[in-house]
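To start, the structure itself, in structure tokens.
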Amino acid sequence: MPPAIHPVDLLQVLRQQRLTPAIVFLTSRRACDEAIASFEHRHVPIPTTRSAAITQVLDKMIAEYPSITNHPLIPTVQDYGVAAHHAGHLPSWKIAIEELMRQGCLDAVFATTTLAAGVDFPARTVVITQSSVRKDRDIMELTVNEIQQLAGRGGRRGKDYVGFVVVTPSPYIDLGPIANGLTNHPEPIDSQFVVSYPMVLNLLKAHTIDHIQPILQKSFSQFQLNQRADAYETKLDEVETQLETYGQRECADWIAQWQSFTLAKKRRSHHRLKTRHDPPEVSAQLAFLTPGRVVELSREHAIVLRQYRSRGQGYAMLTIIRNGGSIVEYPANAVTAVIDEIIDIAEAKKFPWSTPQSLEHAIETLENFPTRLRRLPIRVDQDGTENPILTETLSDEFPCPTCPSRPACQKDHPQAWKLRQEEHRLTKTIHALRTELWHRFQQHVEVLQQFGYLTPTCQLTPEGDWARLIRINHSLLITELIRMGAFDGIKASLLAGVLASIAHDDDRPASFHGRHPALVTTLGQVRKVAHSLAAYEEPPLLRWDIAAIADRWIDESTLPWNDLIHSTSMAEGDIYRLLARTLEYLSQLHGLRATHPGLADVARDAMDLMRRDVLQELP
Amino acid sequence: MTNDTLATQLAGLPVRLLHHLAKKRVPRHFRMGKNRLIQSLLTLSPDQQAEVAAALASLLQESAHLPKPEKPEKPAKPQRPPDTPSRQSPPHQRQTVPAEPAISTKALFEGIGVPSPQPFKPDDWQEEAIDRLVTNDVILSVPTGSGKTYVAVEAMRRAIEAERTVIYTSPLKALSNTKLTEFSQMFGADQVGILTGDRRDNPQAPILIMTTEILRNLLYDAASGEIDLRLDTLGLIILDESQFLADRERGVVWEETIIFAPAQSRLLLLSASIGNPDEVAAWISSIRSTSCHLIHHRNRSVPLRAAYLDPSSRLAPFFRTRDIAHGKGFVLHPETNRLFANYEEQTLGPRRR
Ligand SMILES: Nc1ncnc2c1ncn2[C@@H]1O[C@H](COP(=O)(O)OP(=O)(O)OP(=O)(O)O)[C@@H](O)[C@H]1O
Ligand SMILES: [Mg+2]
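Read top to bottom, the protein sequences are chains F and L. When we follow the working numbering, the leftmost residue of the first sequence carries the number 131, and every step to the right adds one. When we follow the working numbering, the leftmost residue of the second sequence carries the number 247, and every step to the right adds one.
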């Protein structure tokens, strides 16, 4: 049996069952293109009357978008009534295909799953061939939201009594996730709020620093963090009520007192036990790394079974269980994030430190985790006194041995101490949740102060006042380059090339012949600056082949579009997007005309030169 | 250990442990059901089989100390495709096999056709949304293809009648272009403008289309005193595809836009179905001067059915029932189960070696 149905056979079945027009979602652009090509091989043309209808619509589209006049796929569309629709195509071509679909001229469009939101046209039938997609180098299962986005294109209001989803297998399919996606409730969405340098500058342009916190409070992010914090508040109340039941003792804080007393006793008996000074990030986390806590270790999730100190050096160590069930010892500093999730673990006195049932439960939980879990924000205390209870001075003199409360303290302490630690942990968590955004904002403020965009009192310096207008990715790199004069007297084509390589964040290879020395030297300098800023902003890829494409398009102002796209292996649609994005970046530089008239003029020139041919068809 | 004893021992294990044994040994084991897993474990190389036997022995030893599981592994679950790993969805989300017989393929494809043209009559939820927008912000979270655009267009019409301007944002330039054409046809080309990073076509028009990033930038400029006059008369902001709020890279732009949207403008968020529209509505209510009204339903205006198509061109109903039920679990059609098991058998089988 073939691993997947042949596209021509697929369409034949769909036609037989009156399931056309259909959108067929495939795994890759190439799969879409090959599907179209296979219609030519098998040569199953549509009736000429239908071809004529397609030609008519296409002619109208060509009148509007001349760039598609000689599009190589026109004959296929006309003869077979099928088309491909993916990001490798020009927007104008995609618009033409969408129009053909809306007019009901096509039987099938083969599209990639990755950009379901961009497929804004309906059909009678949607064909799904995969249950996972490639995202940032990982294979990820489609979410319920995504499957419903795909399936939702099936059934046109007013044109269909009923719509269909046809599931047909490919090597990338499992039926479970698809069935689940079709029937289940979509996932709740989470805020993805991030603080950026332009955000800080723009907020501080309009408001003084003491008005910022209330503004951050308005974010969906804070709204969701507050809901989590509220849930913890309720827990904290419970813990505090439980602690109250112990009533009054001789001393004010008997729990801490008894703890110090027992620690001191222990010290005396084993004097080799050292307390080690952990780095602040580690000690801030330690209180949270208790049995049952879910943590992130570089790329995987794991569950803590126990926390202990290594024998020799006294490093903070963890015993954890990983997905698949292996139990491993890790230094606590290997934990990359603490997850806001604790599972019930019954502890045991010896390896594997918890009961077999708990282990089973842990393994099962790990297997069922969704890929994205909420992290717990953890504030690192700069002053170092991470745990006021533990850093209580251990004096040698304790009233405990003779205290009348002693029997009660001795009896209650283990439970009370646990509660006290829980109280401490909850308080810290709540604090971190409530102040996380503000904290992140402050970190960005500090960087901007260090670079001279903000005054010590958090007002915009003259530099900050123009820098706030650069509201794109890699804004710090761009403003720093401007400040150090890297763009002074630069050629329009070179400026566009540099910006293109800053804007482009795809590392798929694209061969391009046309490397020239000026470009390579300039990019070398930019790369140096980008790396010097790496601690504050992720450096862009800065590919010279990408820069060369933009550079050439501007430099050779009579170069036809087709010649440009044939000089690289990059898809037409990708080049278009690259140049469109470069235009956006250039327009931001043009926005600096009040303070940097020379640079703004060069940017304007570059934009004017760029906006020709295909690039001026659409706004 | 002979193959037979190994086989019986494997058969006694829960599927989860079989997957555990198959990890790193059987390619794509996660797609296999119990029988297939056992088979592939038994056809491993002698070396690997010895490993499996050893791992199995230690597993069995461990489990000897365990209390017996309360509920025995169910012998067979005909409703689950044999190749669906059990972790895909918790068992409680699946239905038990209902009493009615499974639907036939013929019945699945009954009723296909084009309805005769009907005079346009807005749905109740569409009218509700338009009415509510007079006084409230509105989130419209309804299935794809239901007619959100109608609400947007009517709301725009009313705003223009009241001499207010409208900003319409979409996440993708491609969608902006489509909407430009669509709205120009409805309102007249002079009534619609578009703003992109470097181009302003008809920027004085009462309806302006732009990406959400551009609107965010306008709002920042307005906040810092460089007032863009249009914002004073801005009556309505429409955020299409606002489920982008959850986009990893760009979601923050939607948040900024909503936070800084002028108080006098109404917000209309159009969204595909998301899990927590009520939470988004509660958030917007908590930061804006009027409350945000949520319109949310999951009823598709055109019902959807699902079919399974085998590479051999055979068709079968995907689910046991004709219509796709929501939130009640699912039962795959027995024929689909059979065809898919067969497909897996044939496509995975030879590749293993
Ligand atoms: N009340 C109605 N009666 C009949 N048809 C309608 C009604 N409302 C909208 N439609 C039609 O439904 C179709 C889909 O509408 P629309 O494009 O607005 O969907 P949508 O909700 O925006 O979907 P998407 O999630 O894909 O953006 C359009 O062709 C429209 O004319
Ligand atoms: Mg829409």
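Positions of the beta carbon are idealized from the N, C-alpha and C atoms, including for glycine.
Burial of F/Gln322 is indicated by the presence of at least 16 other C-beta atoms within 10 angstroms of its C-beta.
Going by beta carbons, L/Val412 and L/Ile483 fall inside the 9 angstroms limit. Non-local C-beta neighbours of F/Glu593 in its own chain, meaning closer than 7 angstroms and more than five positions away in sequence, comprise Gly582, Tyr583, Arg613, ordered along the chain. Rounded to whole angstroms, L/Tyr414 and F/His720 show a C-alpha spacing of 25 angstroms.
Residue state for L/Arg568 is assigned as coil, using DSSP reduced to three classes.
For chain L, the residues of the region 352 to 364 of chain F that bring a beta carbon within less than 7 angstroms of one of its beta carbons are Phe353, in chain order. Within the same chain, and ignoring the five residues on either side of L/Ser511 in sequence, the residues whose Cβ sits closer than 7 angstroms to its Cβ are Leu480, Gly481, Leu482, Ile483. Within the chosen limit of 8 angstroms, ligand 1 reaches the beta carbon of L/Phe366 through at least one heavy atom. Proximity of the beta carbon of F/Arg287 to ligand 1 is indicated: a heavy atom of the ligand is located closer than 8 angstroms. Annotated three-state conformation of F/Glu229 is helix, per DSSP.
Among the residues of the region 540 to 572 of chain F, none has a Cβ less than 7 angstroms away from any Cβ of chain L. For the set L/Pro549, L/Asp447, L/Leu477, L/Leu578, the Cα lying nearest the Cα of F/Phe294 is the one of L/Pro549.
The beta-carbon of L/His266 is placed less than 9 angstroms from the nearest beta-carbon of chain F.
Below the 9 angstroms Cβ cutoff, chain L contributes Gly391, Arg546, Val548, Pro549, Leu550, Arg551 as neighbours of F/Gly293, in chain order. For the region 363 to 429 of chain L, the continuous alpha helix (DSSP H) assignments of 4+ residues that do not extend past its boundaries occur at 370 to 378, 394 to 407, in sequence order. One thing to note: F/Ile319 has its Cβ within 9 angstroms of the Cβ of F/Asn275. For F/Val424, there is no enclosing alpha helix (DSSP H); the residue is found in the beta strand (DSSP E) stretching over 423 to 427. Between the region 457 to 469 of chain L and the region 431 to 445 of chain L, the count of C-beta pairs closer than 8 angstroms reaches three or more; the two stretches touch. Residue-level contact check: F/Phe323 touches chain L, since one or more beta carbons of chain L fall below 9 angstroms from its beta carbon. Rounded to the nearest angstrom, the Cβ distance from L/Leu283 to L/Ala299 is 15 angstroms, too far for a contact under 8 angstroms.
Listed by position along chain L, the residues whose Cβ is nearer than 9 angstroms to that of F/Asp735 form an empty set, because the closest Cβ is around 13 angstroms away. Note on geometry: alpha-carbon atoms of F/Val296 and F/Pro328 lie some 46 angstroms from one another.
Not a single CB atom of chain L sits nearer than 9 angstroms to the CB of F/Leu236. Taking C-beta atoms under 8 angstroms as the contact rule, F/Pro132 and L/Pro557 qualify, at a distance of about 5 angstroms. Between F/Met329 and chain L, the shortest Cβ-Cβ separation is below 9 angstroms. The Cβ of L/Ile505 sits closer than 9 angstroms to at least one Cβ of chain F.
Under the criterion of beta carbons closer than 8 angstroms, F/Ala462 and F/Val412 qualify as touching, at roughly 5 angstroms. For secondary structure counted as the alpha helix (DSSP H) over 4 or more consecutive residues, the region 458 to 534 of chain L holds these complete runs in sequence order: 458 to 469, 497 to 506, 523 to 533. When F/Thr495, F/Ile600, F/His173 are compared, the shortest CA-CA separation from F/Ile472 is found for F/Thr495. The secondary-structure analysis by DSSP pairs F/Gly284 across a beta bridge with F/Ala253. For the set F/Met700, F/Ala626, F/Glu747, F/Leu611, the Cα lying nearest the Cα of F/Glu714 is the one of F/Ala626.
Under a criterion of Cβ atoms nearer than 8 angstroms, no residue of chain L is adjacent to F/Ile684; the nearest Cβ is some 14 angstroms distant.
Proximity of F/Arg505 to chain L, defined by a Cβ-Cβ separation below 9 angstroms, is not satisfied. For F/Asp250, the Cβ falls inside the 8 angstroms cut-off from some heavy atom of ligand 2.
Residue-level contact check: F/Pro221 touches chain L, since one or more beta carbons of chain L fall below 9 angstroms from its beta carbon. Not a single C-beta of chain L is nearer than 9 angstroms to the C-beta of F/Leu230.
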